[in-house]
Amino acid sequence: SPNVGYQFSSFNYGGMAGSPSVEVAMNGPVNLVANFTPFQGQTINSDTVGAVLTVDGVNCITSCSFQWATGTQHTIAAMATQSLGNGSQLIFSSWSDGGGISHTITAAAGMTYMASFTTQYYLTTAANPAAGGSISPASGWYNSGQIVQVSATANTGYPFTGFSGGLTGTATPQNVTMNGPVSVAANFTDAAATHVITSTPSIASFSVNGTACVSGTCTYVPQPGGDTLGATQTAPPITSRVPGYEFSMTD
């Protein structure tokens, strides 16, 4: 019987090698030697470090080593899709022995079974604002290294002002290479959305984003991040009896 870490290889007697079971005729002294060799176990691995596989129904994080007796049967399996978190996932491709995603193997000394996966990353796309237009393609998974063409289409009255995130500039379409999770936004401006500033009386002085408005009414397009409005209130001369100024804003 072999000790842990060893396996029986053969008997030697009388200068001849024998099988694991031999018959010896005791017609005299016999020198019988049982030969053992270091046990060569089995390895279940993947081409992606840290991928999770199952061996005989138990999860193992690759790589996994076993010391099964030669000839015993075991079941190895992989998940079709395996999330790695943070916009990354693995898609099962194949086993090195050509077996199915889950299949039975017969243990042999020193064997390695390798699971191959394709790494995918998530592309997130969005139109900002949604009413301003559209971005193509829709959000989805793409293989690592894949080149994806991204384009923006503006709706009427919403000029396209450029990409942000994984792409920049106003050129459309543009390509993004999926070497990791990527987010891309197509940005639009509502050209028709204007605000009106008025003063009472019309001679009052005020400004919008640093630009003086002295005509009593100013129309402007709101800027991303907000606008700065300023007004100067001056007390009228005592002799004029002119009412004070009042600042107001209407959309």
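When you line the sequence shown up against our numbering, it's residues 2 to 252, in that order.
Backbone N, C-alpha and C fix where the C-beta goes; we use that ideal spot for every residue, glycine too.
1. Just to confirm my understanding: we take residue 181, look at its own chain, exclude 5 residues before and 5 after, and list those with CB closer than 6 Å. What are they?
2. Whole angstroms are fine: how far does the CA of residue 176 sit from the CA of residue 146?
3. Identify whether residue 132 lies in helix, strand or coil by the three-state DSSP scheme.
4. Spatial neighbours of residue 152 within its chain, please: C-beta separation below 6 Å, excluding the five flanking residues on both sides.
5. Quick check on the DSSP output: what are the complete beta strand (DSSP E) runs of length 3 or more inside the stretch 109-182, in order along the chain?
6. Please name the residue in 102, 179, 108, 41 whose C-alpha comes closest to that of residue 125.
7. In the structure shown, what three-state DSSP assignment does residue 32 receive?
8. Which residues in the same chain have their Cβ closer than 8 Å to the Cβ of residue 192, if we skip the five residues on either side of it in sequence?
9. If you follow the beta strand (DSSP E) that residue 206 is in, where does it begin and where does it stop?
10. Might you give, ordered along the chain, the residues of its own chain that have their beta carbon closer than 8 Å to the beta carbon of residue 69, omitting 5 neighbours on each side?
In brief:
1. 122
2. 12 Å
3. helix
4. Closer than 6 Å at Cβ, skipping near neighbours: 137, 173, 174.
5. 113-129, 134-137, 141-144, 148-155, 161-166, 175-178
6. Taking the Cα of residue 125 as reference, the smallest distance to any Cα among 102, 179, 108, 41 is reached at 179.
7. DSSP, reduced to helix, strand and coil, places residue 32 outside both helices and strands of the structure shown, so it counts as coil.
8. For residue 192, the CB contacts under 8 Å within the same chain, skipping 5 residues up- and downstream, are 158, 159, 160, 222 in chain order.
9. 206-209
10. In the same chain as residue 69, and ignoring 5 residues on each side of it, the C-beta atoms closer than 8 Å to its own belong to 42, 43, 75, 108, in chain order.
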